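All residue numbers for the sequence shown refer to the UniProt record's numbering, where the first residue is 1 and numbers rise by one.
Let me begin by presenting the structure, written as structure tokens, before commenting on it.
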Amino acid sequence: MATRTRVRAYLALIALFVVVGTCLRLSWWQLERAEQKRVWLESQQEKAELPPASLTTLLANDDPQHRRAQLSGEIDNTHPVLLDNRTLNGVAGYHLLSPMLTDEGRWVLINRGWLPRGPRRDVLPPIPFVKGRIQVEGIVYQSPGEAFVLKEEPLPDNQWPLRVQKVDFHAIGEKLGVELAPFEIRVTPDLSLGGLDPLPRHWQDITVMGPQQHKAYALQWLALAIAALVIFLFAGTRAQKRRLTGKPE
């Protein structure tokens, strides 16, 4: 009986070390991620405060994310792209991205904002037409990773507006017969393009978890480690009392 009790105690102690060690390691990892994210966000904020850059300057930058852009050129109204599954205040819709030929002779997708989908999915919304040469101000946006889609489908031929589940700059550029910049320009809210009323633009980078969330997860893992230690001590104390009083475990 004593040998069996010792074996159970050793196994419980090993399990405690594994659980507590794992929880502490995950807690420390979340704290490291919080610090990394803080530094990254500060660098992005510093870039956002730099003067607006031309498309040529942005293309030469290794990390143009969140840089301010100022472009001049003409919108290609015949080849709009509708990014599917964008909601605003609970209403389904699209992000409208239009190819733009800049005065520098380069092409880039301009995210003009949100359009409501309408009651029928098979009927695409009307696309506001932008006439003439315009000036665009906005922020560079690059998706941090691949968007999740239920089924990967090739882009249809000669079907415009082009409805997509994710923005593949290379594939869309091939359909257009041009080389697109590997990012989009999210137009500044309330900026009119060609005299049109601005589309709703509520830009938010939902793929980025803030430092505070990482710290909250770190605290949760630390709490789990403490809880495991408390449970082990409570169970050990209770078993010790039973042995001293001669009660069966």
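Beta carbons: idealized from backbone N, C-alpha and C, even for Gly.
Note that the structure is a prediction, hence the values are computed from the model and not measured.
Residue i and residue j closer than 8 Å at C-beta
{"i": "GLY172", "j": "VAL81", "result": "Note on identity: in this sequence residue 172 is Ile, with Gly being the wrong assignment. Yes, Cβ-Cβ distance for ILE172 and VAL81 is below 8 Å."}
{"i": "HIS214", "j": "GLN30", "result": "yes"}
{"i": "PRO99", "j": "LEU115", "result": "no"}
{"i": "ARG68", "j": "LEU83", "result": "no"}
{"i": "ILE127", "j": "ALA48", "result": "no"}
{"i": "ARG186", "j": "TYR141", "result": "yes"}
{"i": "ALA225", "j": "LEU24", "result": "yes"}
{"i": "LEU101", "j": "ASP76", "result": "yes"}
Contacting residues, own chain, Cβ-Cβ under 8 Å from residue i (five flanking each side not counted)
{"i": "LEU229", "result": "LEU16 and VAL20"}
{"i": "LEU155", "result": "LEU162, VAL164, ASP168, ALA171, ILE172 and LYS175"}
Cα-Cα separation between residue i and residue j, rounded to whole angstroms
{"i": "ILE14", "j": "TRP40", "result": "39 Å"}
{"i": "ARG6", "j": "LEU26", "result": "30 Å"}
{"i": "GLU210", "j": "LYS37", "result": "In the sequence on display, residue 210 carries Gly and not Glu. The straight-line gap from Cα to Cα measures roughly 7 Å."}
{"i": "LEU59", "j": "THR78", "result": "25 Å"}
{"i": "LEU96", "j": "PRO64", "result": "21 Å"}
{"i": "ASN111", "j": "ASN61", "result": "20 Å"}
{"i": "PHE148", "j": "GLY177", "result": "Reliability of the predicted coordinates at PHE148 is poor, the pLDDT of 47 falling under 50, and no value is obtained from them."}
{"i": "LEU150", "j": "LEU222", "result": "Caution applies to LEU150, whose pLDDT of 49 falls short of 50 and renders its modelled position unreliable; the model cannot decide the point."}
Range of the contiguous alpha helix (DSSP H) that encloses residue i
{"i": "LEU97", "result": "Run containing LEU97: none in the alpha helix (DSSP H); it sits in the beta strand (DSSP E), 91 to 102."}
{"i": "THR57", "result": "55 to 59"}
Proximal residues to residue i (C-beta, below 6 Å), its chain only, five neighbours per side dropped
{"i": "ARG133", "result": "GLU74"}
{"i": "GLN70", "result": "PRO52 and GLU137"}
{"i": "ARG106", "result": "LEU55"}
{"i": "PRO182", "result": "PHE169"}
{"i": "LEU193", "result": "VAL130 and ILE134"}
{"i": "GLU179", "result": "GLY173"}
Where the beta strand (DSSP E) containing residue i begins and where it ends
{"i": "GLY105", "result": "Note, GLY105: premise wrong, no beta strand (DSSP E); not H, not E."}
{"i": "GLN65", "result": "Counting along the chain, GLN65 falls outside any beta strand (DSSP E), and DSSP gives it neither H nor E."}
Taking only runs of the beta strand (DSSP E) that begin and end inside the segment 176 to 240, which ones reach a length of at least 3 residues, in chain order? 180 to 187
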